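First the structure, in the form of structure tokens, and then the observations on it.
There are 4 protein chains.
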Amino acid sequence: MADAPDAQALRARIAASFDRQGLMTTLGATLAAVAPGEVRIELPYGPGVTQQLGYFHAGATSAIADSAGGYAALTLMPEGTEVLTVEYKINLTAPAVGEHLDAIGTVLKSGRTLSVVRFEVVAVTGDDRTTVALGQQTLIRIGG
Amino acid sequence: MADAPDAQALRARIAASFDRQGLMTTLGATLAAVAPGEVRIELPYGPGVTQQLGYFHAGATSAIADSAGGYAALTLMPEGTEVLTVEYKINLTAPAVGEHLDAIGTVLKSGRTLSVVRFEVVAVTGDDRTTVALGQQTLIRIGG
Amino acid sequence: MADAPDAQALRARIAASFDRQGLMTTLGATLAAVAPGEVRIELPYGPGVTQQLGYFHAGATSAIADSAGGYAALTLMPEGTEVLTVEYKINLTAPAVGEHLDAIGTVLKSGRTLSVVRFEVVAVTGDDRTTVALGQQTLIRIGG
Amino acid sequence: MADAPDAQALRARIAASFDRQGLMTTLGATLAAVAPGEVRIELPYGPGVTQQLGYFHAGATSAIADSAGGYAALTLMPEGTEVLTVEYKINLTAPAVGEHLDAIGTVLKSGRTLSVVRFEVVAVTGDDRTTVALGQQTLIRIGG
Numbered sequence: 215m216a217d218a219p220d221a222q223a224l225r226a227r228i229a230a231s232f233d234r235q236g237l238m239t240t241l242g243a244t245l246a247a248v249a250p251g252e253v254r255i256e257l258p259y260g261p262g263v264t265q266q267l268g269y270f271h272a273g274a275t276s277a278i279a280d281s282a283g284g285y286a287a288l289t290l291m292p293e294g295t296e297v298l299t300v301e302y303k304i305n306l307t308a309p310a311v312g313e314h315l316d317a318i319g320t321v322l323k324s325g326r327t328l329s330v331v332r333f334e335v336v337a338v339t340g341d342d343r344t345t346v347a348l349g350q351q352t353l354i355r356i357g358g
Numbered sequence: 215m216a217d218a219p220d221a222q223a224l225r226a227r228i229a230a231s232f233d234r235q236g237l238m239t240t241l242g243a244t245l246a247a248v249a250p251g252e253v254r255i256e257l258p259y260g261p262g263v264t265q266q267l268g269y270f271h272a273g274a275t276s277a278i279a280d281s282a283g284g285y286a287a288l289t290l291m292p293e294g295t296e297v298l299t300v301e302y303k304i305n306l307t308a309p310a311v312g313e314h315l316d317a318i319g320t321v322l323k324s325g326r327t328l329s330v331v332r333f334e335v336v337a338v339t340g341d342d343r344t345t346v347a348l349g350q351q352t353l354i355r356i357g358g
Numbered sequence: 215m216a217d218a219p220d221a222q223a224l225r226a227r228i229a230a231s232f233d234r235q236g237l238m239t240t241l242g243a244t245l246a247a248v249a250p251g252e253v254r255i256e257l258p259y260g261p262g263v264t265q266q267l268g269y270f271h272a273g274a275t276s277a278i279a280d281s282a283g284g285y286a287a288l289t290l291m292p293e294g295t296e297v298l299t300v301e302y303k304i305n306l307t308a309p310a311v312g313e314h315l316d317a318i319g320t321v322l323k324s325g326r327t328l329s330v331v332r333f334e335v336v337a338v339t340g341d342d343r344t345t346v347a348l349g350q351q352t353l354i355r356i357g358g
Numbered sequence: 215m216a217d218a219p220d221a222q223a224l225r226a227r228i229a230a231s232f233d234r235q236g237l238m239t240t241l242g243a244t245l246a247a248v249a250p251g252e253v254r255i256e257l258p259y260g261p262g263v264t265q266q267l268g269y270f271h272a273g274a275t276s277a278i279a280d281s282a283g284g285y286a287a288l289t290l291m292p293e294g295t296e297v298l299t300v301e302y303k304i305n306l307t308a309p310a311v312g313e314h315l316d317a318i319g320t321v322l323k324s325g326r327t328l329s330v331v332r333f334e335v336v337a338v339t340g341d342d343r344t345t346v347a348l349g350q351q352t353l354i355r356i357g358g
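Protein chains in written order, with my numbering: chain S, 215 to 358; chain F, 215 to 358; chain Z, 215 to 358; chain A, 215 to 358.
Given below as structure tokens:
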């Protein structure tokens, strides 16, 4: 079933920004799902995203979490708006080992100036899903 | 003047681990300075590390900050030890625009199990240096 | 209906520790609910817990959030164990105005050494409930 | 030597707000020092500010850290302005045991909308000073 027109427009708007993030291309991350207040980004495993023990690097985990959170906030804002990350906090709760990572950003509060987002990163291998990171992010709206 | 033997050995130990971090190679980051309790990592600007406005992506900024902090903690631990990031918090305090970023991790407390590190990321263009991120990190010692 | 014996024992164990927290008595906070992995603490409004505008002070909000989180972690540990807060991060998402605050700590990960807890603080006035703070906490197990 | 008139006026402005924070009175905290970009708050030890082991409660430590940070930010803003805490992160780095606590807030960045502050809390017994907490705080300016 095709997306409703609004859902398509929302996804297109987020994708247009995502595609300009050079880092996402460098890492091999893709925009997996876009809904109002929630965005998911996927990152496949490979030798280019690792730390010294061969796990996903916390920096790669954080990068997709930060983008998923930022885009989740952006879905609730009018066109022409940008959001910038003010700050975030992330706990790395388990070794990030898997075929790919799923970073899910979910808006907790969408304010006029500031938004607060929760994110979770899950390592996926086949049917097995393990939470590897949990965090909270503050974003500021620019323009719009 | 050459480094004292101890300084050389410390740098070699940190570099051996850094060189196994695939993500640092992918980003183009280098290990710029190693001293007891303090490590600096450099990241040159390029289209592969950007967000949608062409600044350094917060994920790239965070990745080198996290590595600089982790290696700063590791410099104060015996050989054969690893450290893993438990969590960190980072404020992005200015747009990350410059020829390169310097991420400096400085140990605030080196405990038997947990260490606490402060990091700062500076955007450098010629002689101009602007702080673009500030954070605090908790690490746990594994083995050793 | 009476609590099952285990639930009573768990509550008694947490209450015995809570009652030794002089700060909770000073603030007028009470232990409202105890379940495995989740604890709720209530704080009535009064002039002794305010900031300069007459709202609940972020320090009072944080104090009950920190205790709720710590006790939530403790519920999942064997008797004779203590937990200490390693660190936490809290967003104050709305002015903390109400008849009382409810701080709810919920364990996200209970590890052998470290636990990660999420907390939420809600301002309550009659039937109206407004989230005023959201955070994430890391705790370390001592002894036991 | 008396304070210069400007220093007196700054202190008076901060003190006027501090004195309206009911929680500071309840805890017994005092405004110990005010300078542009830096504020220190003292909290004497007593049974009313403890956790279950008799140390200063992390909530008491956080409360004075949050106030010291907020007032540090306020010193750099024009009269008639308020600041509210957006969020903060605090590491409790050692048991908070001592005759009193000193919480020192220091502005890292004072922006038009948002400020970033670092705080440190030190436990003092005679001449002995031990850092017990370290953190970073984001504040938003209201009015002015």
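Every residue, glycine too, gets a C-beta built ideally from N, C-alpha and C. Fair warning: this is a prediction, and the values are worked out from it, not measured in the lab.
Quick check on residue i: does DSSP put it in helix, strand or coil?
i, result
"residue 350/S", "strand"
"residue 229/S", "helix"
"residue 341/F", "coil"
"residue 240/F", "helix"
When you compare the CB of residue i with every CB in chain F, is at least one pair closer than 7 Å?
i, result
"residue 329/S", "no"
"residue 256/Z", "no"
"residue 314/S", "no"
Consider the Cβ of residue i: report whether some Cβ of chain A lies at a distance smaller than 7 Å.
i, result
"residue 352/S", "yes"
"residue 322/F", "yes"
"residue 252/Z", "no"
"residue 263/Z", "yes"
"residue 274/Z", "yes"
"residue 306/Z", "yes"
Whole angstroms are fine: how far does the CA of residue j sit from the CA of residue i?
i, j, result
"residue 286/A", "residue 248/Z", "38 Å"
"residue 289/A", "residue 228/A", "7 Å"
"residue 259/F", "residue 315/F", "8 Å"
"residue 327/S", "residue 317/S", "24 Å"
"residue 282/A", "residue 323/F", "22 Å"
"residue 243/F", "residue 231/F", "14 Å"
"residue 346/A", "residue 352/Z", "16 Å"
"residue 251/F", "residue 253/A", "28 Å"
"residue 256/A", "residue 341/A", "15 Å"
"residue 225/Z", "residue 271/A", "21 Å"
"residue 303/A", "residue 279/Z", "13 Å"
"residue 274/Z", "residue 262/F", "45 Å"
"residue 234/A", "residue 354/A", "19 Å"
"residue 319/A", "residue 245/A", "12 Å"
"residue 348/S", "residue 299/A", "22 Å"
"residue 277/Z", "residue 301/F", "21 Å"
"residue 357/A", "residue 297/A", "9 Å"
"residue 343/S", "residue 325/F", "33 Å"
"residue 220/F", "residue 331/A", "37 Å"
"residue 350/F", "residue 222/Z", "40 Å"
"residue 284/S", "residue 339/S", "26 Å"
"residue 329/Z", "residue 329/A", "31 Å"
"residue 321/Z", "residue 321/A", "33 Å"
Examine chain S for any beta-carbon lying closer than 7 Å to the beta-carbon of residue i, and answer yes or no.
i, result
"residue 280/F", "yes"
"residue 236/F", "yes"
"residue 277/F", "yes"
From the beta carbon of residue i, is the nearest beta carbon of chain Z less than 7 Å away?
i, result
"residue 290/S", "no"
"residue 301/F", "yes"
"residue 348/S", "yes"
"residue 240/A", "yes"
"residue 226/A", "no"
"residue 266/A", "yes"
Any 3 or more C-beta pairs closer than 8 Å across the region 231-240 of chain F and the region 306-318 of chain F: Touching, no.
The region 310-318 of chain Z contacting the region 327-345 of chain Z, beta-carbon criterion three pairs below 8 Å: A contact is defined here as three or more CB-CB pairs under 8 Å, and the region 310-318 of chain Z meets this definition with respect to the region 327-345 of chain Z.
Sequence ranges, beta strand (DSSP E) only - wholly within the region 256-319 of chain F, length at least 3: The qualifying runs are 296-306.
The region 289-298 of chain S touching the region 255-268 of chain S, judged by at least three CB pairs closer than 8 Å: Between the region 289-298 of chain S and the region 255-268 of chain S there are fewer than three inter-stretch CB-CB distances shorter than 8 Å, so the stretches are not counted as touching.
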